[in-house]
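Protein chains: 2
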Amino acid sequence: MKKLLLVYGVLIMIFMVYSYNYFSKDPYMNAWDRMDGGLRGEIDEKYVMVTFQIGNEYWKNILKGFEDAAQALNVSVEYRGSTRYDLYEMSTVLEQVIARKPAGIAISAMDAEGLNPAIHKAVEAGIPVVLFDSNAPESDAYVFLGTNNYEAGRTAGHEMGKLLGGKGEVGIITLPNQNNHQERVRGFQAVMKEYYPNIAIVSIKDGKGDKLVSKQAAEDMMRDYPELKAIFTTEATGGVGVGSAVQNYRHIKIISFDTDLGTLDLVKDGTISATLAQGTWSMGYWSLQYLFHLHHRLTQQEMAEVAANPLPPYVDTGITVVTKENVEHFYAK
Amino acid sequence: MKKLLLVYGVLIMIFMVYSYNYFSKDPYMNAWDRMDGGLRGEIDEKYVMVTFQIGNEYWKNILKGFEDAAQALNVSVEYRGSTRYDLYEMSTVLEQVIARKPAGIAISAMDAEGLNPAIHKAVEAGIPVVLFDSNAPESDAYVFLGTNNYEAGRTAGHEMGKLLGGKGEVGIITLPNQNNHQERVRGFQAVMKEYYPNIAIVSIKDGKGDKLVSKQAAEDMMRDYPELKAIFTTEATGGVGVGSAVQNYRHIKIISFDTDLGTLDLVKDGTISATLAQGTWSMGYWSLQYLFHLHHRLTQQEMAEVAANPLPPYVDTGITVVTKENVEHFYAK
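Residue numbers (the UniProt record's numbering), protein chains in the order written: chain A, 1 to 333; chain B, 1 to 333.
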């Protein structure tokens, strides 16, 4: 009986020593050694995602990626943002987030310059910042993760070429004052010029990101160009507007952008032939990964002080063509 | 005594139940839940990096990044490659690597098409492949991680503009038949046109990636254009050749590319004013990260089957300008 007691005692001792070693890691070890045996943070390490128009369903899948990465890395996340498309409101939200000193902030820059002072303040205070979806090229943020809009426009161009069998008149409805949308148009035009000389872009109109304005623009186009075969719209709200305009002209094909509910339903019923899905989940997932690496200084140690950037400065999150065949996968789960 | 024995017994039971739960995770759980509490692989999970010219010091820092990621994720790595710049030899090495079914392969494609059959074979066999440094755009690889050469050329252009105070004659020595180098020249030219109308590019010559040929090209340029103020070389071997040509013409400034030992020494002694360092460590580090995510299916589950790409298709690993001020950091540690 005493022998058994001894064996039990030894076993418990071994367990305690093991536990002690496991939990008492030296906090002054270098970052790589501390992470030895897996990338893992602390649950009270909080990363914040900040956007404008917080209710917009576009952000949902980005947040899902952000949360999936947090689960994988054992850290916490929070989602904050302005309710409206309002730079002042968004700056205020960002200032509040910075004041609470989170482990990192991922921002969709609603303005290419307006948030730069707040971003500077965060980085100065040692809070890593990455940008996703919309860039602010002159800011202090470490990385931008988003769609290569020129390439997305090229993808749309190739889809259009296939759809029309390489010939016919097409129109474009876009936002001529927004850089992202200009790039989409530029990529589309380049592919037409290079690969489809028999497709003519006969009209480019401003849809103002509005359903009714885009509908009107599409109707004007169809009236002015009776031979029109298809329309490319560079954003989703316009796409839905164009969709409603062509209800009586079913021979007009549409290629649209993004995957909000209205667009997906029109893809499903065949009104929209194809729409381009952005890599939203990847934007969120890799934003958190990069913030985690910056927070834990998991970058090339000796270079961090001199390199323009200790992380890849740009990540192209890709494009997927959505058609009737795969549309079911894009409805939010 | 019996009471104590009972307490011990209960403690051991608790420990055993805990251990059992800890180690007997259901292999059919989804990937995210399996990773709960940190990204961590198995030590017998082997990832292989494959290049051409295995002895070239350029690969060293990429391998360092690959190894650092492996340490962080608790997996193993191996480095293989062809000794020469030889497509047949490299294909053979790659076939041998594929036959051993590693967890993933990162490849620098020495040819934009020649390795596509081998890459296809690997991906068909369920082995994830990513490409770094040199792309094969039509291959089945999931991701390309490398320098945006057009942007690198623009960075070189801005350095040149500053160096010459915005005016003077410059020459370029490059490899006109290689796409990467054409892009560097294109970016450089674009910046001159856009920002420095008083800088004239008077000559573009082929340095053939050879020290002596580049030296001769530089000497010809200096003779033909006595007003020449500077030379931009798009690759390192040429840069060292140009450096030796200007020993007697110290007023000629040089901007070069990459950070091999010869180039760094010429930056240090002032012969080369600036050279562009590629984000080599990042290429290796993030290649392994992406392979790890593919191997463990840590991508958006429902999208993996339909998305053109479950991961970001392109990662720009960035550029850092190296001058006398920061050159010490770039010597291999």
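Note that beta-carbon positions come from the ideal geometry of N, C-alpha and C, so glycine has one too.
Quick caveat: nothing in here was measured; it's all calculated off a predicted structure.
What does residue 282/A touch in chain B if you count any residue whose Cβ is under 7 Å from its own?
-> As a first step, residue 282/A must be located in the first sequence, where it is residue number 282. Within 7 Å Cβ-Cβ: 311 and 312.
Residue 315/B versus residue 105/A - alpha carbon distance = Position 315 of the second sequence, counting from 1, holds the residue named residue 315/B. Position 105 of the first sequence, counting from 1, holds the residue named residue 105/A. Cα to Cα, residue 315/B sits roughly 20 Å from residue 105/A.
Distance between residue 66/A and residue 140/B (C-alpha atoms, nearest Å) | Locating residue 140/B in the second sequence gives position 140, counting from the first residue. Locating residue 66/A in the first sequence gives position 66, counting from the first residue. Their Cα atoms are separated by approximately 27 Å.
What's the gap between the Cα of residue 24/B and the Cα of residue 296/B?
-> Taking the first residue of the second sequence as 1, we reach residue 24/B at position 24. Taking the first residue of the second sequence as 1, we reach residue 296/B at position 296. Summary for residue 24/B: the model assigns pLDDT 40, below 50, so the residue's position carries little reliability, and this model does not support an answer.
Is the Cβ-Cβ distance between residue 93/A and residue 107/A less than 8 Å?
-> Residue mapping note: residue 93/A aligns to position 93 of the first sequence, counting from 1. Residue mapping note: residue 107/A aligns to position 107 of the first sequence, counting from 1. Against a cut-off of 8 Å, the Cβ pair of residue 107/A and residue 93/A comes out as no contact.
Give the single residue among 142/B, 59/B, 116/B and 287/B whose Cα lies nearest to the Cα of residue 277/B.
-> Residue mapping note: residue 277/B aligns to position 277 of the second sequence, counting from 1. For the residues 142/B, 59/B, 116/B and 287/B, the minimum Cα distance to residue 277/B belongs to 59/B.
Give the straight-line distance between the Cα atoms of residue 251/B and residue 187/B, rounded to the nearest whole angstrom.
-> On the second sequence, residue 251/B is found 251 positions in, with the first residue counted as 1. On the second sequence, residue 187/B is found 187 positions in, with the first residue counted as 1. In a straight line, the C-alpha of residue 251/B is about 25 Å away from that of residue 187/B.
Name the chain A residues that come within less than 9 Å of residue 58/B, Cβ to Cβ?
-> The residue given as residue 58/B occupies position 58 in the second sequence. The contacting residues do not exist; residue 58/B stays about 16 Å from chain A at best.
Would the beta-carbon of residue 212/A fall within 8 Å of that of residue 238/A?
-> In the first sequence, counting from the first residue as 1, residue 212/A sits at position 212. In the first sequence, counting from the first residue as 1, residue 238/A sits at position 238. Going by C-beta atoms, residue 212/A is not nearer than 8 Å to residue 238/A.
Residue 203/A - DSSP class collapsed to helix/strand/coil | What you label residue 203/A is simply residue 203 of the first sequence in a count that begins at 1. Three-state DSSP puts residue 203/A in a strand.
Any C-beta of chain B sitting closer than 8 Å to the C-beta of residue 23/A?
-> The count along the first sequence starts at 1 and reaches residue 23/A at position 23. Note that residue 23/A scores a pLDDT of 44, beneath 50, so its modelled location is shaky; the value from the coordinates is reported in the next line. No, no contact with chain B.
Assess, as a yes-or-no matter, whether the region 248-264 of chain B is touched by the region 282-292 of chain B under the definition of 3 or more beta carbon pairs within less than 8 Å.
-> no
Can you list, in chain order, the residues of the region 314-326 of chain B whose Cβ is nearer than 8 Å to any Cβ on chain A?
-> 314, 315, 316, 317, 318, 319, 320, 321 and 326
What are the start and end residues of the alpha helix (DSSP H) that includes residue 334/B?
-> Here chain B covers residues 1 to 333 and nothing more, so residue 334/B does not appear.
CA-to-CA distance, residue 328/A to residue 248/A, given in whole angstroms = What you label residue 248/A is simply residue 248 of the first sequence in a count that begins at 1. What you label residue 328/A is simply residue 328 of the first sequence in a count that begins at 1. Rounded to the nearest angstrom, the two C-alpha atoms are 26 Å apart.
Mind checking if residue 15/A is an interface residue toward chain B, Cβ cutoff 8 Å exclusive?
-> The residue labelled residue 15/A in the question sits at position 15 within the first sequence. Closer than 8 Å to some Cβ of chain B, the Cβ of residue 15/A qualifies, so yes.
Given residue 68/B, which residues of its chain have a CB within under 8 Å of its CB, disregarding the five upstream and five downstream residues?
-> One-based indexing of the second sequence puts residue 68/B at position 68. Taken in chain order, the residues that qualify are 281, 284 and 285.
If you run the structure through DSSP and keep just helix, strand and coil, what is residue 2/A?
-> Numbered from its first residue, the first sequence carries residue 2/A at position 2. If DSSP states are grouped into helix, strand and coil, residue 2/A belongs with the helices.
Could you give the residue range of the beta strand (DSSP E) that holds residue 169/A?
-> Numbered from 1 along the first sequence, position 169 holds the residue referred to as residue 169/A. Unbroken beta strand (DSSP E) run through residue 169/A: 168-174.
Does the beta carbon of residue 8/A come closer than 8 Å to any beta carbon on chain B?
-> Mapped onto the first sequence, residue 8/A falls at position 8. Closer than 8 Å: yes.
Would you mind reading off the limits of the alpha helix (DSSP H) that contains residue 290/A?
-> Numbered from its first residue, the first sequence carries residue 290/A at position 290. Its alpha helix (DSSP H) spans residues 280-295.
Cα separation between residue 98/A and residue 70/A?
-> Start at 1 with the first residue of the first sequence, and residue 98/A comes out as number 98. Start at 1 with the first residue of the first sequence, and residue 70/A comes out as number 70. Cα to Cα, the separation comes out at about 19 Å.
Using a Cβ cut-off of 8 Å, pull out every chain B residue sitting near residue 161/A, in sequence order please.
-> Here residue 161/A refers to the residue found at position 161 of the first sequence. Correct list: empty, because the minimum Cβ distance to chain B is about 17 Å.
Within chain B, partners of residue 239/A - CB distance below 9 Å | Counting from one through the first sequence, the residue named residue 239/A turns up at place 239. Neighbours of residue 239/A on chain B: none; closest Cβ ~20 Å, over 9 Å.
Which partner residues of residue 80/B appear in the DSSP bridge assignment?
-> Here residue 80/B refers to the residue found at position 80 of the second sequence. 50/B.
Amino acids of chain A, ordered along the chain, whose beta-carbon sits closer than 7 Å to that of residue 279/B = Here the question's residue 279/B lines up with position 279 in the second sequence. Here the neighbours are 312.
Tell me whether residue 234/A sits in a helix, a strand or coil according to DSSP, three-state version.
-> Start at 1 with the first residue of the first sequence, and residue 234/A comes out as number 234. Of the three classes helix, strand and coil, the one that applies to residue 234/A here is coil, per DSSP.
Might you give, ordered along the chain, the residues of its own chain that have their beta carbon closer than 6 Å to the beta carbon of residue 205/B, omitting 5 neighbours on each side?
-> Position 205 of the second sequence, counting from 1, holds the residue named residue 205/B. Result list for residue 205/B: 173 and 217, in chain order.
Determine the direct distance from the alpha carbon of residue 321/A to that of residue 226/B, and round the result to whole angstroms.
-> Against the second sequence, residue 226/B aligns to sequence position 226. Against the first sequence, residue 321/A aligns to sequence position 321. Cα to Cα, the separation comes out at about 55 Å.
With residue 316/A as the anchor, note down where its beta strand (DSSP E) starts and where it stops.
-> The residue given as residue 316/A occupies position 316 in the first sequence. First-last of the beta strand (DSSP E) with residue 316/A: 314-316.
Are the beta-carbon atoms belonging to residue 254/A and residue 270/A less than 8 Å from one another?
-> Along the first sequence, read from residue 1 onward, the residue named residue 254/A stands at position 254. Along the first sequence, read from residue 1 onward, the residue named residue 270/A stands at position 270. Against a cut-off of 8 Å, the Cβ pair of residue 270/A and residue 254/A comes out as no contact.
Contacts around residue 272/B, its chain only, beta-carbon distance under 7 Å, and the 5 residues preceding and following it disregarded | Taking the first residue of the second sequence as 1, we reach residue 272/B at position 272. The answer, listed in chain order, is 239, 243, 254, 256, 263 and 266.
What are the boundary residues of the beta strand (DSSP E) that residue 144/A is part of?
-> Position 144 of the first sequence, counted from the start, is the residue given in the question as residue 144/A. Looking at the DSSP string, the run of the beta strand (DSSP E) that includes residue 144/A is 144-146.
Among all the DSSP beta bridges, which residues are the ones paired with residue 161/B?
-> Stepping through the second sequence from its first residue, residue 161/B is reached at position 161. Answer is none; residue 161/B lacks a bridge partner.
Terminal residues of the continuous beta strand (DSSP E) containing residue 106/A?
-> Taking the first sequence and counting its residues from 1, one reaches residue 106/A at position 106. Residue 106/A -> beta strand (DSSP E) spans 104-107.
Whole-angstrom C-beta distance between residue 146/A and residue 192/A, which should lie under 8 Å = In the first sequence, residue 192/A corresponds to position 192, counting from 1. In the first sequence, residue 146/A corresponds to position 146, counting from 1. Residue 192/A to residue 146/A, Cβ: 24 Å. No contact.
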